Each structure stands twice: as structure tokens, then as C-alpha cells.
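*Asks:* The sequence shown begins at 1 in full-length UniProt numbering and counts up one residue at a time.
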Amino acid sequence: MISVQEALSHITSQARSFGTQTISIEQALGRIWVQHINPNLTFALNGHPAEYIHNTEFQLLTHSLTHSYANRKHGSNIFVSDGAVQIEEDLVRSSMLCKKNQVPFAKNKWINDSCQSILAINGHNYVQVEQLPEVAIVSTGNEIVAAGSVTLPHQIRDSNSYTISSSLRRFGIHSPAKALVPDDKEALRDTITSLLNKDILIISGGVSKGDADYVPKVLASLGVKELFHGVKLKPGAPFWFGRTPAGGVVFGLPGNPLALQVACRIFLEPYICACFNISPRSPILLPLATEQMKKSKYDEFFPCKIVNTDAYSRLLPIRYNGSGDIGAALQSNGIALQREMHSNLPEGTLLPFYAW
Ligand SMILES: Nc1nc2c(c(=O)[nH]1)N[C@H]1C(S)=C(S)[C@@H](COP(=O)(O)OP(=O)(O)OC[C@H]3O[C@@H](n4cnc5c(N)ncnc54)[C@H](O)[C@@H]3O)O[C@H]1N2
Ligand code: MOO
1 MISVQEALSH ITSQARSFGT QTISIEQALG RIWVQHINPN LTFALNGHPA EYIHNTEFQL
61 LTHSLTHSYA NRKHGSNIFV SDGAVQIEED LVRSSMLCKK NQVPFAKNKW INDSCQSILA
121 INGHNYVQVE QLPEVAIVST GNEIVAAGSV TLPHQIRDSN SYTISSSLRR FGIHSPAKAL
181 VPDDKEALRD TITSLLNKDI LIISGGVSKG DADYVPKVLA SLGVKELFHG VKLKPGAPFW
241 FGRTPAGGVV FGLPGNPLAL QVACRIFLEP YICACFNISP RSPILLPLAT EQMKKSKYDE
301 FFPCKIVNTD AYSRLLPIRY NGSGDIGAAL QSNGIALQRE MHSNLPEGTL LPFYAW
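#1: Tell me whether the beta-carbon of Ile326 lies closer than 8 angstroms to the beta-carbon of Leu315.
#2: Do the CB positions of Asn344 and Met293 come within less than 8 angstroms of each other?
#3: Comparing C-alpha positions only, which one of Ser313, Ile2, Ala7, Glu134 sits nearest to Arg169?
#4: Answer yes or no: the CB of Ser17 versus the heavy atoms of ligand 1, is any distance below 7 angstroms?
#5: Applying the 10 Å Cβ sphere with the 16-neighbour rule, what's the burial state of Pro182?
#6: Is there at least one non-hydrogen atom of ligand 1 closer than 7 angstroms to the beta-carbon of Asn256?
#7: Measuring only the C-alpha atoms, how far is Tyr271 from Ile11?
#8: What number of angstroms, rounded off, separates the C-alpha of Val80 from the C-alpha of Ser117?
#9: For Glu347, which residues from the same chain have a beta carbon less than 6 angstroms from its beta carbon, with the 5 sequence-adjacent residues on both sides left out?
#10: Does the Cβ of Val181 lie closer than 7 angstroms to at least one heavy atom of ligand 1?
#11: Hey, would you say Asp299 sits closer than 8 angstroms to Leu233, going by beta carbons?
#12: What does the Cβ neighbour count give for Ala136, buried or exposed, with the cut at 16 atoms within 10 Å?
#13: Tell me which same chain residues have a C-beta within less than 8 angstroms of the C-beta of Leu8, skipping the five on either side of it?
#14: Put Thr244 into one of helix, strand or coil per three-state DSSP.
#15: Under DSSP, the alpha helix (DSSP H) around Ser204 begins and ends at which residues?
#16: Taking 7 angstroms as the cut-off, is the beta-carbon of Gly206 closer than that to any non-hydrogen atom of ligand 1?
#17: Which class does Ser3 belong to by DSSP, given the choice of helix, strand or coil?
#18: Check for me: the beta strand (DSSP E) holding Leu285 runs from which residue to which?
#19: Would you mind sorting Gly247 into buried or exposed? The rule is 16 or more other CB atoms within 10 Å of its CB.
#20: Do you know offhand how far Leu119's Cα is from Asp199's?
#21: Helix, strand or coil: which one does DSSP assign to Arg170?
#22: Starting from the N-terminal side, write out each stretch of the alpha helix (DSSP H) that is 4 residues or longer and does not extend beyond the region 262 to 327.
#23: When you measure from the CB of Leu209 to every non-hydrogen atom of ligand 1, does any distance come out below 7 angstroms?
#24: Pairs of beta-carbons, one from the region 153 to 171 and one from the region 184 to 194, closer than 8 angstroms: are there three or more?
#25: Which residue wins for smallest C-alpha separation from Ser279, given the options Lys297, Val250, Pro153, Ala15?
#26: Within 7 angstroms: the Cβ of Glu226 and any heavy atom of ligand 3?
#27: I'd like to know if Gly348 contacts chain D, where contact means its C-beta is closer than 8 angstroms to some C-beta of that chain.
#28: Closer than 7 angstroms: is that where the CB of Ala259 sits relative to any heavy atom of ligand 1?
#29: Considering only the beta carbon of each residue, do Leu222 and Ile203 sit closer than 8 angstroms?
#30: Under the rule that 16 or more other beta-carbon atoms within 10 Å means buried, what is Arg319, buried or exposed?
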């Protein structure tokens, strides 16, 4: 088994772009913008309309500001590099747009609410964005039935495909193909064969050491190359990752729902970020509100709630009943990481916290 860090570097090494497309700004929220600013357009400088003239020169369109910049040498603080506007030194009354060394419209930016408004003010009715990958989700297990089903005593409704879908939705991936397959080699082979052309195939369950855990063998028989199987991680050790003959990737995630949610946050999200050439959400360092014992010899991610005490935010670990306890995820704000070499940690220890 490999470490979490090694697993992450294998996963991100398989990242690739899925191409680009042009969409209307109305649909752009949550997508990844890939254009530099078009300098022929009027844009906002300190919230004031400005116009690109040529090379390094800009004309501010409001009279008062034209005056305040008139004494500056043209191009002394703004220049265009590779089609992007760059600010060389802080401008007078500078706003967020105009800080030293900033490229206000750098490529590969996640279009959040403020980015969308900046695009709007700059006249970008249509924007070029990263194309979304084709994704399929396969939930395996004889006991798994569709969410709307009435269950028999031995059955359980599929929740994993919903957890995976909500991770994908963060990137604007809305309608992945979905399938439910029993623990049956032929059925698995048929379903996986029909989905091998996807960019990302995400399978839950069937990747551990049980007799009916056929997923790795079926994938190997279809020419999917295993890059690793098993990560020194709790919960979520039974994790499989590989590459399809067509160049897509396959995530074989643990069936246990809490383990699966951890795997989506720690591995699936950074993979998609790497494909889009954007940074993954970084963890924040927060102190423990209580001492924390460690049960396994691996890196351990445990669900925590953020509590505000004495003007500080602290991490309160949520008691959870094993890696199937998806209810613990609901009560928590995210997961904190206790590294493998740390056994018991005293109250106040700073830990990296990954918000859901
Ligand atoms: N001999 C060994 N057995 C197991 C090991 C091991 O190392 N050696 N590891 C255990 C750990 S840890 C985990 S995690 C599980 C993972 O096994 P699978 O990935 O094969 O998952 P399943 O057994 O199919 O399911 C586990 C659990 O989760 C429920 N489940 C599965 N799919 C869904 C779904 N789509 N929605 C909701 N719930 C789901 C399933 O009913 C089981 O209760 O292996 C251990 N065994
Ligand atoms: O690693 Mo398993 O995911 O603990 O239950």
C-alpha cells in the first residue's frame, strides 16, 4: 500500500485537459475560465471604465481619473503580457484589480460570483471555458438498490452515487451517467465495457479483499492499467486507481459511504482541479477542541465540527461508528487529518482541516 501523498501524485500525474468551449456568461458560474482578457475591450480599472489603446497604453474614460493618471508615464504601471493585463506597481486608489504583480484576468480562474461580475463589466457575454469531462458512476453490490426503492431487510439504498455527484457538481458537472450493478463478473464486465470511453469512470464498492470484490480483476481483463491499489489511509484504504486504454481514468472507491466521501474530497476533487489547471481547495490549520486518540497506524481523516470558543474556532471531533457512518458527515463541517506518525494528540494541537 502507498501513502496518501504518493496516491495523490499518481492521481494528479494522470490529469489532462478535456478541451475548451465557448458558453454564455449566464452559464459560466462554477466553470473554469481559460481566456486572457481581450484588451480591445473597455474594462474596469479601479471600478472606472478604461480603454486599451495599444501596446502598454490605457486611457481612463472618466474625466477626473484621466486627470489623476495624466502625470504618469504611459505604461509605467500597466503592461500587457501574452494578452493579459498586468499591473506593475500599485496604482493610486487601487482596487483589487490593480495590485502590484497581479494579473487580474489570469487564465484558468474558477468563475465564482465576483469573477462572473467582473467578466460582465468587461463586456464578456461569451466566455471560453474548460470543457467538462464525460463522467460515469457505477455503484456495485448485490445489496444496493436505487434511491427510490422499497428495501428488503438485506438491501440498502444507493447513497454513494449522490455523494460523488455532489463532488462533481462543484465543477459544473451535472449529469454523469449512472449504473447499479450486482457483484457479478459478467454484469460488471458488460457495464464497465460500455463506459470505458468515459474520461472519468468512478466505481464504488467491490475493490477490497472480499470474495465478491471483482472490480480490480474485471478492470484488468478489460485492459485498464492499475496504477495503485490500496492507500495507507483510514477510512478509505481499499482504493483502486488506473488508466483506460482510451486515456481516461478509473477511480475504484471504497463502498463504505463515509470512506467514499473522504475519498471524493481528498482524491477525486484534486484530480479534477489538476485537469483544469487550478489549485485544489487547501486545508486550513485549526486547533483541536479536545484531545484526539488514534486507532489505526495510517493517516486518519476524522469528521469534525467547527466550534467557536473564547473567540477562537476549534475542531470538535464527531464520534463516528466506523467508515459506513455517513450520518457523522452530516453533523460535521469537514475532516481533519491526523498523520500516521502522531499517536494521541493533546487539545490545542493544530491540524489541517478540509471543509466538505
Ligand atoms: N478481507 C478484508 N475485508 C475488508 C477489508 C480488508 O482490508 N480486508 N477492508 C474493509 C474496509 S476498510 C472497507 S472500506 C470495505 C470496502 O469494501 P468495498 O469497497 O468492497 O465495499 P463493499 O464491501 O461493497 O461495501 C462496504 C459497505 O458499504 C455499503 N455500500 C456499498 N456501496 C454503497 C452505495 N452505493 N451506497 C450506500 N452504501 C453502500 C455496503 O452495503 C457495505 O455495508 O471492505 C472491508 N472489508
Ligand atoms: O477503510 Mo474502510 O474505508 O475504513 O471502511
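Even for Gly, the Cβ is constructed at its ideal location relative to N, Cα and C. All figures in this text were calculated on a predicted structure; none of them were measured in a lab.
*Replies:* In this structure, then:
#1: no
#2: yes
#3: Glu134
#4: no
#5: exposed
#6: yes
#7: 6 angstroms
#8: In this predicted model, Val80 has a pLDDT of only 44, less than 50, meaning its place in the structure is not dependable; the value taken from the coordinates is given anyway. Each residue's Cα considered, the two are about 22 angstroms apart.
#9: Leu288, Thr290, Glu291
#10: no
#11: yes
#12: buried
#13: Ile266, Phe267, Pro270
#14: coil
#15: It is not in any alpha helix (DSSP H) - Ser204 instead sits in the beta strand (DSSP E) that spans 200 to 204.
#16: yes
#17: coil
#18: 284 to 287
#19: exposed
#20: 29 angstroms
#21: coil
#22: 269 to 275
#23: It is Lys, not Leu, that sits at residue 209 in the sequence shown. Checking the Cβ of Lys209 against ligand 1 gives yes.
#24: no
#25: Ala15
#26: Because ligand 3 does not appear in the structure shown, any question about it cannot be addressed here, the ligands present being ligand 1 and ligand 2.
#27: Although the question refers to chain D, the structure presented lacks it and comprises just one protein chain.
#28: yes
#29: no
#30: exposed
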